[in-house]
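Single-structure report; data block below.
Numbering (my numbering), first residue to last: 282 to 465.
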């Protein structure tokens, strides 16, 4: 019995050491490279925040954040929020995105920004002014091939500045890489 236990322990150790390279390859694939100028602790905090945002975003938006891509555009009269399913054949995500964006257009027009609060755990910049100036802002939903877009328009300079603040925050938080300046 003791010899059998020793043999099992040796086999377990061999398996554990043999699998270490595989574990480190998998871990490296799941752990993005640390950006230059960032400490390990800052990088770990950033990854934790991104994971929480994805989880909260899925609850607030109703679709898997890894199956869709967000884009935010600043325009001369406001901007746009566009979300698309990553896979052209993924009709479920496409339909969930469309449903979410239709809800967003209606909620934002009523001054309700609960979903961004749920997603980010804080009220994004610009929201207070967008709520106060809601009568001066138009939100329209348009379906796209893979999802949809909410166009945000105003002729009020203060409302436009608030919309731009809101969209710049979204660009940073979702790390979309979209321009933070007005696009034509």
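We treat Cβ as the ideally placed atom computed from N, Cα and C, and that holds for glycine.
Excluding five sequence positions before and after residue 369, the CB atoms of its chain that fall closer than 8 Å to its own CB belong to 426 and 427, given in chain order. Per DSSP, residue 432 lies in no alpha helix (DSSP H) segment; the continuous beta strand (DSSP E) that holds it begins and ends at 428 to 435. For residue 400, the three-state secondary structure derived from DSSP is helix. A straight line joining the alpha-carbon of residue 448 with that of residue 414 spans about 16 Å.
Bridge pairing for residue 444: absent [DSSP]. Contact check for residue 441 and residue 367: beta-carbon distance about 31 Å, past the 8 Å limit, so the pair fails to qualify. Secondary structure of residue 414 (DSSP, three-state): coil. Put simply, the stretch 427 to 438 touches the stretch 369 to 387. At least three CB pairs are less than 8 Å apart.
Take the alpha-carbon of residue 391 and the one of residue 321: they are about 42 Å apart. Along the stretch 338 to 394, the beta strand (DSSP E) occurs as fully enclosed runs of 3 or more residues at 349 to 356 and 359 to 366, listed in sequence order. In this structure, DSSP gives residue 424 an extended state, which the three-state scheme calls strand. Residue pairing by DSSP places residue 453 opposite no residue, since no beta bridge is assigned to it. Only residues of its own chain outside the window of five on either side were considered, and among them 351 have a CB closer than 6 Å to the CB of residue 455, listed in chain order.
Assignment of residue 463 by DSSP, reduced to helix, strand and coil, places it in the strand class. Sixteen is the threshold: since fewer than 16 other Cβ atoms of the shown chains lie within 10 Å of the Cβ of residue 436, the residue is exposed.
Linking residue 445 to residue 378 through their CA atoms gives a straight-line distance of about 22 Å. Each residue's CA atom was taken as its position, placing residue 465 and residue 361 some 12 Å apart.
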